[in-house]
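The structure appears right after this line, and notes come after that.
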Amino acid sequence: MTPRAQLANSSRSAHPGTGRRVLITGGASGLGLALARAFAERGDRVLVGDLAESRPDSVPGDTAYLRLDVRSQQDWDAALAHVRETWGGLDVLVNNAGVATGGRIDVESIADWERVIDINLLGVVRGCQTFTPMFKEQRSGHIVNTASLAGLVHGPGMSSYNAAKAGVVALSETLGFELAPWDIAVSAVCPAFFRTNLHESLQGKDTAMEETALKLITRASMTADEVAAVVLKGIDRRKRIILTDRLGHQAYWTKRLVRPAYDRVATKAGQKLARKSRDA
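See below:
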């Protein structure tokens, strides 16, 4: 059997919970780890990619592990080769790796911008570029890109993060139409704040924004496991945009349908941030 035929015959993406082959970047912590556990519990085969050279203790024992720095095309090529050799194909690619960033435009440095774009946006682009040829050969597959509610609703003091995540949403929508002829689904996951360790990756000089982000994360009502459960349902339904909580739905539809109300809330948030920065 030719490699192309092997790929075509081995795809299971249309049958959730029946041993799908799943690669998750940034899968050793936060939402990525929660997704790895959730997929594995359903009987899917999971390969976790993350920065550690050796398998972190947090990674579930019923999943495989591979070092994968999403900034490195060499690491992506190694992941593709590993998937081909081990599984013969892939059903779900979850581009989840990302970092937190925040800061006002006159405080955050270009280096901070370059870092978040390289990881949060170009890391997703590299994953899509690397695995799309395989998905096309299979004529099936599902690309799941972790964006954020910040990719849809753009509050003040987070311009670099908002821009990167908005780029992920735009990329996902574009590829959803571009790859549909091959029966390849593309979803953008857009959670609001939830309890996670994402704030640990915050870097930069804007302490006022860092304090705000930490407060929003620690006060969030949803856990990563709860968000992951919603995401899996969205993947099963092949949804283009996966909103994970009531706040996200409210913010998204308020911006789309009641723009003046959205503008008032965002303006007040900007004023509050300005007062806090003056006091800092």
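Sequential numbering of the sequence shown, starting at 1, is according to UniProt numbering. C-beta atoms are modelled at their ideal positions from N, C-alpha and C, and glycine is treated no differently. None of the values given here were measured: they were computed from a predicted structure.
Check, Outcome
"Three-state secondary structure assigned by DSSP to residue 244", "coil"
"Under 8 Å between C-beta atoms of residue 90 and residue 141", "yes"
"Per-residue burial, residue 3 [other beta carbons within 10 Å of its own, 16 or more giving buried]", "In this prediction, residue 3 has a pLDDT of 39, which is less than 50 and means its spatial position is unreliable; nothing more can be read from the coordinates."
"Inter-stretch contact at 8 Å, needing at least 3 Cβ pairs: the region 102 to 118 / the region 50 to 68", "no"
"C-beta contact flag for residue 49 and residue 30 at 8 Å", "no"
"Whole-Å CB distance - residue 153 paired with residue 239, under 8 Å assumed", "Their Cβ separation, rounded to whole angstroms, is 18 Å, which puts residue 153 and residue 239 out of contact at 8 Å."
"At least 3 beta-carbon pairs within less than 8 Å: the region 220 to 237 vs the region 131 to 139", "no"
"The region 240 to 260 contacting the region 181 to 190, beta-carbon criterion three pairs below 8 Å", "yes"
"Residues near residue 275 by beta carbon distance below 7 Å, same chain, minus five either side", "none"
"Cβ neighbour criterion (16 or more within 10 Å) applied to residue 76", "buried"
"Selected residue, minimal CA-CA separation from residue 109, among 264, 160, 272 and 252", "160"
"Residue 153 (DSSP reduced to helix, strand or coil)", "coil"
"Residue 20 beta carbon less than 8 Å from that of residue 44", "yes"
"Rounded separation between residue 199 and residue 172 - CA only", "With a pLDDT of 49 at residue 199, under the threshold of 50, the modelled position of this residue cannot be trusted, and the question is left open."
"Cα-Cα separation, residue 73 to residue 118", "12 Å"
"Counted within 10 angstroms of its Cβ, other Cβ atoms place residue 260 as buried (16 or more) or exposed", "exposed"
"Run of the beta strand (DSSP E) containing residue 21, from where it starts to where it stops", "21 to 25"
"Range of the contiguous alpha helix (DSSP H) that encloses residue 86", "73 to 87"
"Beta-carbon proximity of residue 25 to residue 120, cut-off 8 Å", "no"
"Secondary structure of residue 158, DSSP reduced to three states", "strand"
"Exposed unless 16 or more other CB atoms sit within 10 angstroms - verdict on residue 264", "exposed"
"When 62, 83 and 97 are compared against residue 145, the one with the closest alpha-carbon", "97"
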